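Worksheet: the structure to be examined is printed underneath.
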Amino acid sequence: MELFTPDFGLVFWMFVAFLLLFLVLGKWGWPVIVKSMNERADTIDKGVEYAREAKEQLDSARAEAEKFVTEAQKQQAEILRDAAKMKTQIIEEARKEASEEAKKVMDAAKVSIEQSRKEAELQFRNEVSRFSLEIAEKMVRNQLASDAAQTQLVDKLLNEIEKN
Amino acid sequence: MSTTTGFPYASIDIMKRLLYILAVLAVALGYSAPSYASSGSDEEVDVKEIIFHHLGDGYGWEVPFAHVYRIPLPVIVRAEDGQWFCFSSSKLTEVEVIRNEETGKEKEELVPVVYETERSGKTYRFLIAHVSTHKNKVVELFPISDEEQSKVAADASATTDGVVSGYAEYKGIYYREYKPVDLSITKNVLALFIAAIIVTAMVMSVVRFYRKNGMKAPRKGMGFMEMLIGFIYDGVIKATLGAKAPKYAPYLLTCFFFILTMNLLGLIVIFPGGANLTGNIAITLVLAVMTFIVTNMMGTKHYWKEIFWPDVPIWLKCPLPIMQLIEVFGIFTKPAALCVRLFANMMGGHMVVIVLITLIFIFAAFGAAAVGGSAVVSVLFTFFMLALDVLVSFIQAYVFTMLSTMFIGMAVEDGHGSEHAKEEAEQIDSLENKLEKQTK
């Protein structure tokens, strides 16, 4: 039965030892450990949260960037299309203008050609009339070299006048 | 395939080698046994004495491989007239050489001796009583008159063990004994201090680590400590007490680590360990009383209401206070169960190991083969038991802490929890009913 009867001395010392241990660890031990462990757990939680948020932000930033890129591409395509359109327009306009100009130049040329033709015609006419006069004069001179011919002609002319 | 078959082959090889070693051990023991048997035949192996010696306390601490030498420890006693005495336990024993007449062999034995000291003209005598009602405890002795002596001797001869209440026998002479107030630093007390120092060192090393390294996580041994702390704090204390956890955590964590350290120290057979601390009812009693004090000191109005006016049909509590009786009884049985559970588990483990070892010596009477066989079997079983005791050490520390937490949790909850618990119980009931129906 010795085992089942608590010994006073041991009870006393156990009480002392336990109380001392409890006071020492309760003051300097456990609170520090529990606090540190909690703090670390909080830090880790915060870190995880932070990482999650950062990932989210990164994802959204990436999505935004992609959006920008697609928009830019769209704009680029539009600009290119506009440019192409403008190019054809400009070419068309230029062509039209050029043809107009050409037509104008042609017209002017035609007018001047007409004028010079007319001038040439006139000159030619003058020339022709002068030549014919000269020829006629020469012919007349030739024919009228004799006096008889001259008188005949005068007669003839006079006749004509008389007839009239 | 070749890699997977390698392991079983290796293990078979190891098993073979182990068996071989064990066989050699058995044969060697078998040869040495006859000499022991012949010399020990005249003295019986007192199994009860051995077991109680190992489970109990002592004024000195045994040293391995030395039968008669003990590490002396201070004995602190208060004599009958109120004087305090402090002296070394080595003064209470002496080594006596016992000569066996038949074989001529000499054997050293540690025997108790009276320690006499004088103070202000008065002689004080102290002895570790053997034939007395205070066996193995220090008692103060007073010589008695011849007349009384013969009377006590006559009384003693009427008993089988010669124990007369109030008297102690020493070398054939009876003395009147007085059991002094005994605050000696015994083996158990020293082991207690060692355990407390180890716990402090372990906890403070973790604290120092945090102070020095801040947020870094400790590794190896300290990591294990932290894992245990987390296991108890988050898994038990926080889970049960919730927001009140930080208030009670120091007590409960101290309990857990102190019990665990004492349990494990008890399993180490040589010096710093070997004291059967948690298998001593004084230790577990103090621990249980602590939980009792915390539980009832911190008990809320709700807790006391549940005891004196519980939520049961009126005829169960009035006019006959049946429930009150049960509840008040329950206040005391809870810590008592704590005390006995830890004590019985740890003492049981120690006892089984000792019995298994003493089996070898009991079987010595039956010859060499019996000793050899029993040695092998005993050692194997002892090994298994000690491994089991390591597990039990942890489980019992955990169970004590968990139950203490639950008792405290029940005492400090302020009424809202009980409804929740009831709901939970109903849920469990309905689930069980469902299960029953399904099994039918």
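Note that the protein sequences, when read in sequence, are chains P and H. Counted the way our numbering counts, the first sequence spans residues 126 to 289. Counted the way our numbering counts, the second sequence spans residues 908 to 1347. Beta carbons are placed, not taken as given, at the ideal position from N, Cα and C, and that holds for glycine. Fair warning: this is a prediction, and the values are worked out from it, not measured in the lab.
Rounding to the nearest angstrom, what Cα-Cα distance links residue i and residue j in this structure?
| i | j | result |
| --- | --- | --- |
| H/Y1210 | H/A1251 | 30 Å |
| P/V279 | P/K229 | 59 Å |
| H/A1380 | P/L144 | The structure shown does not extend to residue 1380 of chain H, since chain H spans only 908 to 1347, so no value can be given for it. |
| H/A1102 | H/K998 | 27 Å |
| P/A197 | H/P1125 | 53 Å |
| H/N1120 | H/I1315 | 34 Å |
| H/D1068 | H/S995 | 29 Å |
| H/N1340 | P/V173 | 43 Å |
| P/A208 | P/E226 | 26 Å |
| H/Y927 | H/V1284 | 14 Å |
| P/M139 | H/F1199 | 16 Å |
| H/V1038 | H/F1138 | 50 Å |
| P/R255 | P/S237 | 26 Å |
| H/A1061 | H/E1055 | 10 Å |
| H/S939 | H/F1273 | The predicted position of H/S939 is uncertain, since its pLDDT is 46 and thus under 50; a value taken from the coordinates is nonetheless stated next. Their backbone Cα atoms lie some 14 Å apart in a straight line. |
| P/R250 | P/A234 | 23 Å |
| H/F972 | H/Y1117 | 43 Å |
| H/E1333 | H/D1321 | 20 Å |
| H/F1270 | H/L1172 | 30 Å |
| H/V1096 | H/V1297 | 22 Å |
| P/S297 | P/A176 | Only positions 126 to 289 of chain P appear in this structure, which leaves residue 297 of chain P out of reach. |
| H/V1196 | H/K1123 | 38 Å |
| P/D167 | H/C1162 | 27 Å |
| P/K214 | P/E222 | Here the sequence assigns Gln to residue 214 of chain P, which means Lys is not the residue at that position. Near 12 Å, if we compare the C-alpha coordinates of P/E222 and P/Q214. |
| H/Y943 | H/R924 | Bear in mind that the predicted position of H/Y943 carries a pLDDT of just 42, short of 50, making it unreliable; the figure below should be weighed with that in mind. Using only the alpha carbons, I get a separation of about 28 Å. |
| H/M1205 | P/P156 | 20 Å |
| H/L1232 | H/V1299 | 34 Å |
| P/K180 | H/I1190 | 56 Å |
Could you tell me which residues DSSP pairs with residue i in its beta bridges?
| i | result |
| --- | --- |
| H/A973 | H/V970 |
| H/P1220 | Beta-bridge pairing links H/P1220 to no other residue. |
| H/I1264 | Answer is none; H/I1264 lacks a bridge partner. |
| H/R924 | Its beta-bridge partners do not exist; DSSP assigns none. |
| H/W991 | H/R985 |
| H/P1242 | Per DSSP, none; premise fails for H/P1242. |
| H/P979 | H/G967 |
Between which residues of its own chain and residue i is the CB-CB distance below 7 Å, once the five residues before and five after are set aside?
| i | result |
| --- | --- |
| H/M1230 | P1217, V1219, L1223, K1224 |
| H/E1015 | H974, V975, V1002, V1004 |
| H/L962 | N1183, G1186, M1254, H1257, M1258 |
| P/D132 | none |
| H/R1026 | Q990 |
| H/K1042 | A1036 |
| H/K1241 | F1314 |
| H/S948 | Bear in mind that the predicted position of H/S948 carries a pLDDT of just 42, short of 50, making it unreliable; the figure below should be weighed with that in mind. There are no such residues. |
| H/E969 | R977 |
| H/M1309 | V1143 |
| H/F1301 | L1167 |
| H/I1136 | L1160 |
Leaving out five residues on either side along the sequence, give the residues of the same chain with a beta carbon under 6 Å from the beta carbon of residue i.
| i | result |
| --- | --- |
| H/F1288 | L1263 |
| H/I1265 | This sequence places Thr at residue 1265 of chain H; Ile is not what is there. Same-chain partners within the cutoff: V954, I957. |
| H/L1338 | none |
| H/P1179 | I1101 |
| H/T894 | Summary: the structure shown does not reach residue 894 of chain H, with chain H confined to residues 908 through 1347, and so no result is reported for it. |
If you drop the 5 nearest sequence neighbours on each side, which residues of the same chain put their C-beta closer than 8 Å to that of residue i?
| i | result |
| --- | --- |
| P/Q275 | L269 |
| H/A986 | F992, Y1031, E1047, Y1085, P1087 |
| H/S946 | Residue placement at H/S946 cannot be trusted, given a pLDDT of 42 that sits under 50; what the coordinates show is reported in the next sentence. Only N1007, T1010, K1012 meet the Cβ criterion. |
| P/M211 | none |
Check the Cβ of residue i against every Cβ in chain C and list those closer than 9 Å, keeping chain order.
| i | result |
| --- | --- |
| P/T168 | Included in the structure are the protein chains P and H, with no chain C among them. |
key: Where the region 136–154 of chain P meets chain H: residues whose CB sits under 8 Å from a CB there   = From the region 136–154 of chain P, only V136, F137, W138, M139, F140, A142, F143, L145, L146, F147, V149, L150, G151, W153, G154 have a Cβ closer than 8 Å to chain H.
Runs of alpha helix (DSSP H) lying entirely within the region 1091–1129 of chain H, each at least 4 residues, in chain order = 1094–1120
task = Name, going along the chain, the residues of the region 173–192 of chain P whose beta-carbon falls closer than 7 Å to a beta-carbon of chain H.
result = none
request  = Let me know the beta strand (DSSP E) ranges lying completely inside the region 994–1029 of chain H, each 3 residues or longer, listed in chain order.
outcome  = 1000–1006, 1013–1019, 1022–1026
Near-chain P residues of the region 1190–1207 of chain H (beta-carbon distance less than 8 Å), N- to C-terminal order = I1190, L1192, V1193, L1194, M1197
inquiry  = So if I threshold CB-CB distances at 7 Å, which residues from the region 1061–1085 of chain H count as touching chain P?
reply    = none
key: Chain-ordered residues of the region 1161–1192 of chain H with a beta carbon less than 7 Å from chain P   = Listed by position, the residues of the region 1161–1192 of chain H near chain P (Cβ gap below 7 Å) are T1161, F1165, N1187, I1188, A1189, I1190, L1192.
inquiry  = Taking beta-carbon pairs under 8 Å, can you tell me which members of the region 1136–1147 of chain H lie near chain P?
reply    = Of all residues in the region 1136–1147 of chain H, the ones placed with a Cβ closer than 8 Å to any Cβ belonging to chain P are I1136, G1137, Y1140, in chain order.
message = By the 7 Å beta-carbon criterion, what residues does the region 202–219 of chain P contribute toward chain H?
response = none
inquiry  = Quick check on the DSSP output: what are the complete beta strand (DSSP E) runs of length 3 or more inside the region 1029–1101 of chain H, in order along the chain?
reply    = Correct list: 1029–1035, 1045–1050, 1074–1077, 1080–1085.
task = Report the residues of the region 959–987 of chain H with a CB closer than 7 Å to any CB of chain P, ordered along the chain.
result = Going along the region 959–987 of chain H in chain order, one finds F959, L962, G963, D964 with a Cβ nearer than 7 Å to chain P.
task = Anything in the region 1277–1300 of chain H with a Cβ closer than 9 Å to a Cβ of chain P? List those residues in chain order, please.
result = none
Chain-ordered residues of the region 1099–1122 of chain H with a beta carbon less than 7 Å from chain P = L1099, F1100, A1103, V1106, T1107, V1110, M1111, V1113, V1114, Y1117, M1122
request  = Within the region 179–252 of chain P, note down every full alpha helix (DSSP H) run reaching 4 residues or more, in order along the chain.
outcome  = As far as the region 179–252 of chain P is concerned, it has no whole alpha helix (DSSP H) run of at least 4 residues.
query = Taking any Cβ of chain P, which residues in the region 1035–1056 of chain H have a Cβ under 9 Å from it, in chain order?
reply = K1042, N1043, K1044
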